[in-house]
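If you're matching them up, the sequences are chains A and B in order. Under our numbering, the residues of the first sequence are numbered 1 to 255, in order. Under our numbering, the residues of the second sequence are numbered 1001 to 1413, in order. Okay, structure first, notes after.
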Amino acid sequence: MGIDIGSTTSKCVLLKNGKEIVGSALVQAGVGTDGPDEACRILLEKSDISEYQVDYRIATGYGRARWKKADEAISELSAHALGSYFLFPEARTVIDIGGQDAKVIALNEKGQLQNFVMNDKCAAGTGRFLDVMAGILKIQVSELENLAAQSLNPVSISNTCTVFAESEVISQLAAGSSVNDVVAGICVSVAGRVAALARRVGVKEQVCMSGGVAINGGVRKAMEQILGVKIFCSPFAQMTGALGAALYAYHKIKL
Amino acid sequence: MPEEKKKARPAPDPNSAKYKLGEIAAKAYSDAQEAKERGEKVGWISSNFPVEIPETLGIPVCYPENQAAGIAARGAGARLCEIAEGDGYSNDICAYARISLAYAKIKEAPEQDMPQPDFLLCCNNICNCMIKWYENIAKELDIPLIMLDIPFNPDYEVSDYEVAYVKGQFLEAIRQLEQITGKNWSDERFKTVMKNSCRTSRAWLEATSYARYTPSPFNGFDLLNHMAVMVTARGKEEAAKAMETLAKEYKENHETGKSTFRGEEKHRIMFEGIACWPWLRVTSSGLKDRGINMVTTIYADAFGFIYDDFDGMIRAYCKVPNAINLELSRDKRVKLVKANNVEGLLVHVNRSCKLWSGFMNEMSRQIGQECSIPVVSFDGDQADPRNFSEAQYETRVQALAEIMASRKGDVQG
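Structure follows, in structure tokens:
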């Protein structure tokens, strides 16, 4: 079993024989809540498996060190590397945007983590940035993709600071910009910030995206345009870290 | 069952290098304080100002950068930074500067006191923020400032023109100091100081070079403590002797299979940047707990002040780390990485030091490429505790350990 305990969510994946995904669960509660236990409970219930049938548990994410039920913990860098390579064996660059951090990972042909770059302390370019912006616009994060797709003239939003960007969004709306154009500008802003990290690592194809923000097509499409490459994304993107942790658990018990 | 009594720490061995170096570092403050009480004039001096000048003249000096590091390491960084910020200094300014400006105002900090200055000695070969920092203290306290301009060197070597430009300033600084303090320059005394300085530097280079052995006979975090003596006292004979003791101890450690690094040395890294003093224990434990020894830093090279005469001394000060170009800086680090079997580079993106951190993205990329090692960076600050996130540090260091383990054939995780 792999569990990814993030800042806003807990994700859990159960793997059989290192190949077959038995089940997964996602709970909208992360570090410091009962989210991790709840995600586990739901997963086991859905999979009709008892706690004792789970051979090894690996935790990852910001809450990895605090979850007492884990046999071991690995960094989310390794977890996303393993999970992404499982989903996309040709992946050489992984872009993961989570709730409070963004990372770009370089993989070798064996899927091993070679190097990585993460965002600095600033929240710009992370899922938190999108949460804050969606809050100002009184929309759901899940609506961002469709609204951005309808934009005719994306506005320019600062990609340097969430707080400054918040006032920029308000100014743009006050100046008469449409919500669609503002949303498209927000997606471009996140993509631009993370694309800069990707260039530092060196963008090598195939490029894939993982993490919660990956399922937001607005950011993904903006990133494709900025980097000039096709970006692969699995519907399982948000579970990639948990999947990687589960894969590591399998490797450990196989040894 | 009765509670086990906590064992008292054994008394430090007065013949050990650690004890001797600690005494010298502490004595620098007490000597200056005593001189002040005797009515002598005391200066504040920047870390890369040629210490040989006040040492030759017999002028007591204190180092605000060392003081700020001490204050930050003892938990008062934020308190003093906030005092400076209350006076209008931006929190984007170097935290050493903010702490020092605050201390010049409040004149007391139990974490590390030092006497107030009668004059200031500033050299911009470490950074240009230093100029405004010292100018402001000079203005606030209405005291003279002696300023040395050593320009950033875009070339690989130090030209004769640069030596001539800097020499004029060194001579003028000596003249001004003679006037301020009433003390006189002696060429004979300078020769002794120069000899001591070179002797201390040679011992430092020898001690740090033992990191070439695997496992290293020392924990690289030792260097961060011992370098205080290299900065402040390298012209003193007792510093040379203490540093020679350190080199001897490291040599013996290697020969007897000992190390000051506790536990198994699984991985060896180079640490880049000034220490994150407010979070020293956290940053150190994050490495040690994973068997990562920080075997070298640029400080190992930076304090190798070896020269034969006055002009040679000038050349040495024109080649200190922050005054040289990216290519030369990179090559010095590449040499250390290769000489010490370094497997990874951990970069402290220090919010206080724009100069140093600014070109690290590109420089560390080049080092990683040239040496085929992973490069990982974390955000922090040399003295302002508010600019560091323990969780972010842990994630990056764990991933670095995982990459290094994976390269050795362990299961990636």
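Each residue gets a CB set at the ideal place from its N, CA and C atoms; glycine is no exception.
- As computed with DSSP, C187(A) is found in no beta bridge at all.
- By the Cβ neighbour-count rule, S78(A) is buried, with 16 or more other Cβ atoms within 10 Å of its own.
- If you draw a 10 Å sphere on the C-beta of S1030(B), you find fewer than 16 other C-beta atoms in it, and that means exposed.
- At a Cβ-Cβ threshold of 8 Å, G1043(B) and L1120(B) count as neighbours.
- If only complete runs of 3 or more residues are kept, the stretch 1241-1312 of chain B shows the beta strand (DSSP E) at 1267-1272, 1292-1296, in order along the chain.
- For R92(A), no CB of chain B lies under 8 Å from its own CB, so it is not counted at the interface with that chain.
- Contact annotation: L130(A) and V213(A) have beta-carbon atoms nearer than 8 Å.
- When secondary structure is reduced to three states using DSSP, F116(A) falls in the strand class.
- About 5 Å separates the beta carbon of I1373(B) from that of G1344(B), a gap short enough to meet the 8 Å contact definition.
- Following the DSSP letters along the chain, one finds L1120(B) inside the beta strand (DSSP E) bounded by residues 1119-1123.
- Counting C-beta pairs closer than 8 Å gives three or more between the stretch 1083-1102 of chain B and the stretch 1333-1353 of chain B, which meets the contact rule.
- The C-beta of P1385(B) comes no closer than 8 Å to any C-beta of chain A.
- In the displayed model, S1159(B) falls within coil according to three-state DSSP, outside both helix and strand.
- Under the DSSP assignment, M239(A) falls outside any alpha helix (DSSP H); it carries neither an H nor an E label.
- The DSSP assignment places 20-27 as complete runs of the beta strand (DSSP E) inside the stretch 18-47 of chain A, in order along the chain (cut-off: 3 residues).
- Listed in chain order, the positions of the stretch 1355-1384 of chain B with a beta carbon within less than 8 Å of a beta carbon of chain A are N1361, R1365, G1368, P1374, V1375, V1376, S1377, D1379.
- D1187(B) carries a helical assignment under DSSP once its states are collapsed to helix, strand and coil.
- A distance of 8 Å or more separates the beta carbons of C1062(B) and P1144(B).
- Assignment of beta-bridge partners to L14(A) by DSSP yields G23(A).
- At a cut-off of 8 Å between beta-carbon atoms, E1402(B) makes contact with chain A.
- By the neighbour-count definition (other C-beta atoms within 10 Å, threshold 16), Q114(A) is a buried residue.
- Fully contained in the stretch 1123-1156 of chain B are the following beta strand (DSSP E) runs of length 3 or more, in chain order: 1145-1148.
- At a cut-off of 8 Å, the C-beta of S1406(B) has a neighbouring C-beta in chain A.
- A residue is called buried when at least 16 other Cβ atoms come within 10 angstroms of its Cβ; Q1382(B) meets this threshold and is buried.
- Residue ranges of uninterrupted alpha helix (DSSP H) with 4 or more members, entirely inside the stretch 59-93 of chain A and ordered along the chain, are 76-87.
- In summary, V1375(B) is buried, with 16 or more beta-carbon neighbours lying within 10 Å of its beta-carbon over all protein chains present.
- Rounded to whole angstroms, D1379(B) and F164(A) show a C-alpha spacing of 21 Å.
- Using a CB distance cut-off of 8 Å, F129(A) does not count as an interface residue toward chain B.
- D1331(B) is not bridged by DSSP to any residue.
- Counting along the chain, M209(A) sits inside no alpha helix (DSSP H); it lies in the beta strand (DSSP E) bounded by residues 207-210.
- Beta bridge pairing from DSSP links V163(A) with no other residue.
- Of the residues R1365(B), E1055(B), E1394(B), R1009(B), the one whose Cα lies closest to the Cα of K1191(B) is E1055(B).
- For V1320(B), the three-state secondary structure derived from DSSP is coil.
- In the three-state scheme derived from DSSP, where H, G and I count as helix and E and B as strand, A1109(B) is classed as coil.
- Flagged as an interface residue toward chain A: V1349(B), by a C-beta distance shorter than 8 Å.
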